[in-house]
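Okay, so the sequence shown: first residue is 213 according to our numbering, each after it adds one. Comments concern the structure below.
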Amino acid sequence: MCALPVDLSFNEISSVTDALSKVPRRGRRPLKTDSQGKYLSRSLRLDNNRITDVSNLQCVLNHFLVQPSNIGWLDLSFNKITSINPVLSELHELRVLYLHGNEIANLADVGKLARLMNLHTITLHGNPIAYMENYRSRVVFTLPHLKRMDFSAVTPQDHFLANVCGRRLKRKKQTHE
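Pasting the structure below:
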């Protein structure tokens, strides 16, 4: 992931498809493109916009990236996203996902990302779920392959607490069935 990210941040985008009409920010170094004008990048920044739903994200990835299925880094922080859309679980090469500063209120939504075996870094702080009981333990239990969460390392202690919390949640669920 050495190539520069395609940067569509701070564009007042309210729908991911609005991004299709935007031109990525230019940095000090130009983004490399192929003959069709698609970017040779595995990273996309859509942070600091007004996005509420990412259901058409694949269309945006196809529009901007040479190899959309190889996206490894996605920044959706500081938007108005209220739930984790299953479309994110289709990004099998995703390694880093920034979702902090949104409006995600259902901790169970994190389970939609469990299929992402390459995901090692996630941010979720600044969402309503971050204030729920056992937030960190529940996320680490759901995504046990994480190495970093909310800009800090996931430690062996985090894994231990996540397993304790997970067993407790399973027992509680079984008694209610």
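All residues carry an ideal CB built from backbone N, CA and C; glycine is no exception. Being a predicted model, the structure only gives us computed values, none of them experimental.
When C-alpha distances from Ser253 are compared across Asp287, Arg360, Ile341 and Phe276, the shortest belongs to Phe276. Nearest to Pro368 by C-alpha distance, out of Val352, Glu224, Asp230 and Arg379, is Val352. Val278 places its beta carbon 8 Å or farther from that of Ala231. Using a Cβ distance threshold of 8 Å, Ile293 and Leu311 count as a contacting pair. Thr335: member of the beta strand (DSSP E) spanning Thr333 to Thr335, first to last residue. Of the candidates Met329, Glu315 and Thr335, Met329 places its Cα closest to the Cα of Pro356. Per the DSSP secondary-structure output, Tyr310 pairs in a beta bridge with Asp287 and Thr335.
In the three-state DSSP reduction, Thr264 falls in the coil class, being neither helix nor strand.
Taking C-alpha positions only, Gly313 is separated from Phe290 by approximately 4 Å.
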